[in-house]
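Participant:
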Amino acid sequence: MVNPWLAMACGEGPAERCRTVRGAHTAFVTGGDGGGAGGVVDPRVRAVVADSWRRSAAALPGPEFVAPLELADAELESHRRDHPLAAVLPLFRELLGSVAEDGAHLLAVCDAAGRLLWVEGPAGMRRGAERMNFVAGARWDERHAGTNAPGTALALGHPVQIFATEHYNRLVQSWSCAAAPVRDPRTGRLLGAVDLTGGDHLAGPHSLALVRATARAAEAELAAARGPARDGLAALGRDEALLTLDGRRLRLGRRHSEILVLLADHPEGLTGDQLMAGLYGDRPVGPVTLRAELSRLRRLVGPLLGSRPYRLCAPVETDFAAVGRELTEDSPRGAVRSYGGPLLPSSEAPGVCRMRRRLEGLLRRAVLGSGDAGALQLWADTPWGGEDLEVWERLLAALPMSAPQRGAVAGEAVRLREAYGAGVRTGPAPYA
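Quick note on numbering: the numbering used here labels position 191 of the sequence shown as 195, and the sequence is numbered without any gaps.
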């Protein structure tokens with residue numbers, strides 16, 4: 005079976021592959037093959053690339069552009085220093101730095117929004133990369149840079165190679181790259197990606213294997229640095245919560261996720277009637293249904309689940325409580341970084357819906373009230389903050405006139421004003 009994440013099949017020549025994909029790219033962007041956001045792509049182009057071209061065409065004005073610079077100088081240094089991947093930068097350098105120093109590669113690390121934090125390698129390679137703005141502080145997610153390995157790895161949550169003319173941006177098509185996402189080992193939250201960028205030789209399977217192994221090693225080092233895993237519940241940005249219990253990682257079903265989230269939010273416990281109301285509201289559900297769910301849950305978590313009242317019998321760290329602590333400590337940036345997304349976003353349990361709205365409302369108000377451009381930018385970069393006009397306008401007001409991203413932020417604010425017209429929406433996008 006052909007690996008869809010590898011750029012070339014075994015035995016295929018780089019020159020031939022480059023010509024084939026260049027022709028397909030030209031047809032797509034000029035409309036010769038029905039190009040456009042939903043256009044047809046030559047079937048010889050990998051599906052992962054074709055889908056990325058469509059996303060890129062929907063987000064970008066054309067196939068030639070320079071990725072925007074968003075962070076520079078003190079703001080870049082502050083963002084690097086505070087970022088979780090700073091702790092594993094020595095590991096990245098140890099495992100990939102020697103490859104980069106061979107004169108034909110660059111090592112790059114980006115955050116979850118696609119901002120390049122570090123770009124390292126030989127001076128000649130870095131000068132070449134500067135011409136396409138592949139530099140620290142530039143934004144290389146798909147929405148701003150088109151199809152590329154770190155941006156596409158972030159979009160799909162999977163290691164991927166992007167070879168030469170597979171890049172959507174023509175200015176980048178002389179380069180090839182391989183990247184892998186890096187996740188928080190406790191919560192699974194995306195932290196960023198690690199990337200190797202260079203010439204055609206990176207299209208071989210070795211580069212993809214190398215960045216994948218490096219990402220896994222980084223996750224292991226992050227986990228080890230935190231010591232033995234404590235019991236914890238991760239429920240932000242995921243429909244099925246992840247419970248760490250006695251060293252085991254358990255992916256819970258949706259109803260069990262809702263039960264544990266509600267109990268974690270009420271350490272004093274809940275009566276059966278209270279738990280029924282939090283889970284089912286006014287729906288005509290009998291207590292037998294609840295008891296059956298609790299019985300199945302107890303088989304999974306054992307003595308963690310107590311009764312009379314229903315409660316958690318041991319301390320359990322939760323990712324949503326961590327966000328609350330950051331807010332209590334007046335750290336909006338830390339709170340946004342800890343916020344992995346809406347709490348159990350698909351849940352319709354009334355108690356969970358109230359918790360979800362409360363947490364996001366508190367976080368959004370703290371970000372808006374802080375006047376902190378860094379916190380506002382982090383929130384605007386998220387799917388739940390990206391369409392929030394008030395945030396973009398507050399961010400524009402908070403940025404100094406010399407900020408490199410002012411033009412892009414102003415453009416986004418104008419786009420949102422025009423999109424909403426008289427019916428301006430100033431809050432986060434509604435949940436599905």
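All residues carry an ideal CB built from backbone N, CA and C; glycine is no exception.
1) Please report the distance separating the alpha-carbon of R131 from that of E124.
2) In terms of residues, what are the limits of the beta strand (DSSP E) holding V113?
3) Is D77 helix, strand or coil by DSSP?
4) With burial defined as no fewer than 16 other Cβ atoms inside 10 Å of the residue's Cβ, what is the status of M12: buried or exposed?
5) Would A184 and A197 qualify as a contact pair, given that the criterion is a beta-carbon distance under 8 Å?
6) Need the endpoints of the alpha helix (DSSP H) that L294 sits in, please.
7) Taking the runs of the alpha helix (DSSP H) that are 4 residues or longer, which of them lie wholly in the segment 360-410?
8) Identify the residues that DSSP records as bridge partners of T201: which are they?
9) Suppose only complete runs of 3+ residues qualify. What are the beta strand (DSSP E) ranges in the segment 238-292, listed by chain order?
10) Does the Cβ of A364 have 16 or more other Cβ atoms within 10 Å, making it buried, or fewer, making it exposed?
11) Put R234 into one of helix, strand or coil per three-state DSSP.
12) Pick helix, strand or coil for D334, following the three-state DSSP scheme.
13) Can you pull the DSSP bridge partners for G310?
14) Nearest-angstrom Cα distance between L298 and V340?
15) Determine, using beta carbons only, whether A239 and S261 come nearer to each other than 8 Å.
16) Taking Cβ to Cβ, would you say R59 is nearer than 8 Å to E146?
17) Return helix, strand or coil for A142, following the three-state DSSP convention.
18) Smallest Cα separation from R282: which of S180, Q381 and L266?
19) Inspect the CB distances between the segment 137-155 and the segment 65-76 and report whether three or more fall short of 8 Å.
20) By the three-class DSSP mapping on this structure, what secondary structure does E68 have?
21) Look at the alpha carbon of G38 and the alpha carbon of L64, and state the distance between them as a whole number of angstroms.
22) With DSSP as the reference, please indicate the residues paired to A322 in a beta bridge.
23) If we call anything under 8 Å between Cβ atoms a contact, is G236 one with R190?
24) Looking at C-alpha atoms only, which residue of S342, L274 and H109 is the closest neighbour of D128?
25) Going by DSSP, what residue range makes up the beta strand (DSSP E) through L89?
26) When you compare only the Cα positions, how much space is there between G141 and L304?
27) Buried or exposed, going by whether 16 or more other CB atoms sit within 10 Å of the CB of Y424?
28) In angstroms, rounded to a whole number, what distance separates the CA positions of G345 and R242?
29) Kindly indicate the opening and closing residues of the beta strand (DSSP E) around W122.
30) Use the C-beta contact count for M405: other C-beta atoms within 10 angstroms, 16 or more gives buried, fewer gives exposed.
31) Starting from V164 and walking both ways along the beta strand (DSSP E), at which residues does that stretch end?
32) With respect to the alpha helix (DSSP H) encompassing A11, which residues constitute its N-terminal and C-terminal limits?
33) Whole angstroms are fine: how far does the CA of V113 sit from the CA of D277?
34) What residue from G338, V215 and H148 has the CA that sits closest to R97's CA?
35) Do you know whose CA, among V139, L367, L75 and A133, lies nearest A326's CA?
36) Spatial neighbours of H270 within its chain, please: CB distance less than 6 Å, with the 5 preceding and 5 following residues excluded, ordered by chain position.
Facilitator: The relevant details are as follows:
1) 11 Å
2) H109 to D115
3) helix
4) buried
5) yes
6) P291 to V305
7) 377-384 and 393-402
8) L110 and C181
9) 246-249 and 252-255
10) Before going on, a small fix: residue 364 reads as Glu here, not Ala. Its Cβ being crowded by 16 or more others within 10 Å, E364 is buried.
11) coil
12) coil
13) R315
14) 33 Å
15) yes
16) yes
17) strand
18) Rather than Arg, the amino acid found at residue 282 in this sequence is Gly. Answer by Cα proximity: L266.
19) yes
20) coil
21) Bear in mind that the predicted position of G38 carries a pLDDT of just 48, short of 50, making it too unreliable to give a figure here.
22) Contrary to the premise, residue 322 reads as Thr rather than Ala in this sequence. For T322, which the question treats as bridged, DSSP gives the partners L237.
23) yes
24) Here residue 128 is Gly; the residue named in the question, Asp, does not match the sequence. Closest by alpha carbon: H109.
25) No beta strand (DSSP E) contains L89, which DSSP labels as neither H nor E.
26) 45 Å
27) exposed
28) 8 Å
29) L120 to E124
30) exposed
31) V164 to I166
32) Looking at the DSSP string, A11 is not in any alpha helix (DSSP H), and its letter there is neither H nor E.
33) 50 Å
34) V215
35) L367
36) none
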